[in-house]
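> Residues 1 to 275 in the numbering used here are what the sequence shown lists, from first letter to last.
Each residue gets a CB set at the ideal place from its N, CA and C atoms; glycine is no exception.
Dumping the structure here so I can ask a few things about it.
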Amino acid sequence: MKALEAKNTSGFLATAEEAVRAGGAVLCQMFGRAKVREKGPADLVTEADFASQETVRRIVLGTFPDHGFLGEEDHPTAGNVTGPSRYRWILDPLDGTTNFVHGVPHFCVSLALEKEGRLVVGAVYCPMMEECYLAETGNGARLNGKTIRTSDVADLSQSLAAVGLPSVVDSESRDLRLFNQALGVCQAIRRTGSSALNLCYVAAGRFDVAWNYSTKPWDVAAGALLIQEAGGSIESPYGGDFNVDDGQLFSAANKELMEQLRRLASTANLRQPVP
């Protein structure tokens, strides 16, 4: 498949694309035969997660050795960032691990780059579908080289929504409570098993809204930039700007849907928890 040819004076986007495609190739090679272990209750990790991460890390830090790098599998709590730098790469080497383990071909590699705390590059590759989503600040969002835009759906009653539920769900889960509230409002709701692809699908106009209360930075960083560059809206569930380190977000195709999603959340009494 022909790589995206886009204005990219920094070389960051080209490196991101090379890295996610290489990581995706590793996942394809290991699909159906990777050994599995648990990081926590219902939270799986495979050899493929680590192999993909090392492949991506080698490409990124081989090109930009002075950059910071945050990978999901760096630490049991995934809090490590290697290298002090104005630049930080944020990686999920296998988003959709449970799908991967069960032979469901719906998973991806997600990679983003921050500059001084601001997202500047996002790349998500779904190898089984051969779909590569790329975004760079000010240059729009593309899928396999073609410009993508969010949908023009302006009413939740006509929307296809996506929810990302945590590994362990209980009755107090905010994701689940909003899901239950949205059941009678949205046209339909999907849980795909990949938060990154949920956001990509909003950017591409396939989904109209998506929400996450329980994700991590690597789940949503690249997808958030894709939606912004595709003309959509990204905000914190509790109001204000989206913060990638918080990992929680509301995403919508446009401001109209965002406002309706917020009203729906308010009826579910989903206030910010007290620390």
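(1) Going by Cα to Cα distance, which pick from Ala19, Ala48, Pro127 and Gln158 is closest to Gly62?
(2) Using alpha carbons as the reference points, say which of Arg174, Asp241, Arg206 and Ala222 lies closest to Asn212.
(3) Taking DSSP as the reference, what is the three-state secondary structure of Leu261?
(4) Name the residue from Arg88, Leu249 and Leu13 whose alpha carbon lies nearest to the alpha carbon of Ala162.
(5) Quick check: the Cα distance between Gln187 and Phe207, rounded to an integer number of angstroms?
(6) May I ask you to report which of helix, strand or coil DSSP gives Cys186?
(7) Please report the distance separating the alpha-carbon of Gly231 from that of Thr150.
(8) Nearest CA to the CA of Asp66: which residue from Thr55, Ser85 and Ala224?
(9) Taking the alpha-carbon positions, what's the Ala210 to Cys126 distance?
(10) Which residues bound the alpha helix (DSSP H) around Pro127?
(11) Where does Arg57 fall in DSSP's three states?
(12) By Cβ distance below 6 Å, which residues in the same chain neighbour Ala141 in space, the five residues on each side in sequence not counted?
The answer reads as follows:
(1) With distances taken between Cα atoms, Gly62 lies closest to Ala19.
(2) Among Arg174, Asp241, Arg206 and Ala222, the Cα nearest to that of Asn212 belongs to Arg174.
(3) The answer is helix: DSSP assigns Leu261 an H, G or I state.
(4) The candidate whose alpha carbon is nearest that of Ala162 is Leu249.
(5) Taking the Cα positions, Gln187 is about 11 Å away from Phe207.
(6) Under the three-state reduction of DSSP output, Cys186 falls in the coil class, being neither helix nor strand.
(7) Straight-line spacing of the CA atoms in Gly231 and Thr150 works out to 6 Å.
(8) If we check each option's Cα against that of Asp66, Ser85 comes out closest.
(9) The alpha-carbon of Ala210 is positioned some 18 Å away from that of Cys126.
(10) Pro127 -> no alpha helix (DSSP H), and no H or E assigned at all.
(11) The answer is helix: DSSP assigns Arg57 an H, G or I state.
(12) If we look at Ala141 and ignore the five residues flanking it on each side, its Cβ neighbours are Ala135, Ile148, Ala203, Leu226, Glu229 and Ala230.
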